[in-house]
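One structure is given below, encoded as structure tokens.
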Amino acid sequence: MRGQYSIKSDVFSFGVLVLEIITGRRNFGSYGSDQQDYDLINATWEHWTSDKALELIDPSLGNHYPVDKVLKCIQIGLLCVQPKPADRPLMSAVNVMLTGTIRLPSLSRPAFWFQEIGASSDVNSEQNLLDPHNSTKMYQSEAPITELEPR
1 MRGQYSIKSD VFSFGVLVLE IITGRRNFGS YGSDQQDYDL INATWEHWTS
51 DKALELIDPS LGNHYPVDKV LKCIQIGLLC VQPKPADRPL MSAVNVMLTG
101 TIRLPSLSRP AFWFQEIGAS SDVNSEQNLL DPHNSTKMYQ SEAPITELEP
151 R
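Its first residue numbered 1, the sequence shown is counted upward by one per residue in the UniProt record's numbering.
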């Protein structure tokens, strides 16, 4: 989507902003002890799929946050930055997700996701990392999502 504005590119930007706020880091920073550069989306995805998402939270927050709500925000942020624009929610749906207790859709792996070169490649663990449904956390409700679009 180079140079083109759309509703879905706006949602992508919102997702990046949510992840930046939660982590206290800007997109494209250095993560990990080995000082390799990972972009924020991939770092978040890797932590999410390995059930280590809480390790990403900005340390300046201390323990002054509800864990379930932060995890929900991380999942919503990842939903907003999905590789296919058609898979990203509309902002009206994001609003309902943030304010309600609805069941969140499944996540897709980021478009530019990569695995660390030279890492142990156990077939089972690699398969788990590539399976977007493996460790997806869901919030349930009976409330439907109505997606409104302009005429």
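Backbone N, C-alpha and C define an ideal beta-carbon position, used for all residues, glycine too.
- Residue 26 has its alpha-carbon roughly 12 Å from the corresponding atom of residue 43.
- Scanning its chain for C-beta atoms nearer than 7 Å, with the 5 sequence neighbours on each side dropped, one finds around residue 87 the residues 108, in chain order.
- Annotation: residue 90 is outside any alpha helix (DSSP H) and is labelled neither H nor E by DSSP.
- Sorting 99, 84 and 24 by C-alpha distance to the C-alpha of residue 61 places 24 at the top.
- In this structure, the beta-carbon distance from residue 80 to residue 12 falls below 8 Å.
- Here the C-alpha atom of residue 53 lies approximately 18 Å from the C-alpha atom of residue 98.
- Our two residues, residue 82 and residue 100, have alpha carbons roughly 21 Å apart in a direct line.
- In terms of Cβ geometry, residue 57 and residue 22 form a close pair [threshold 8 Å].
- Residue 48 holds the alpha-carbon nearest to the alpha-carbon of residue 70 among 91, 150, 48 and 40.
- Excluding its 5 nearest sequence neighbours in each direction, residue 8 has C-beta neighbours in its own chain below 6 Å: 85 and 88, listed in chain order.
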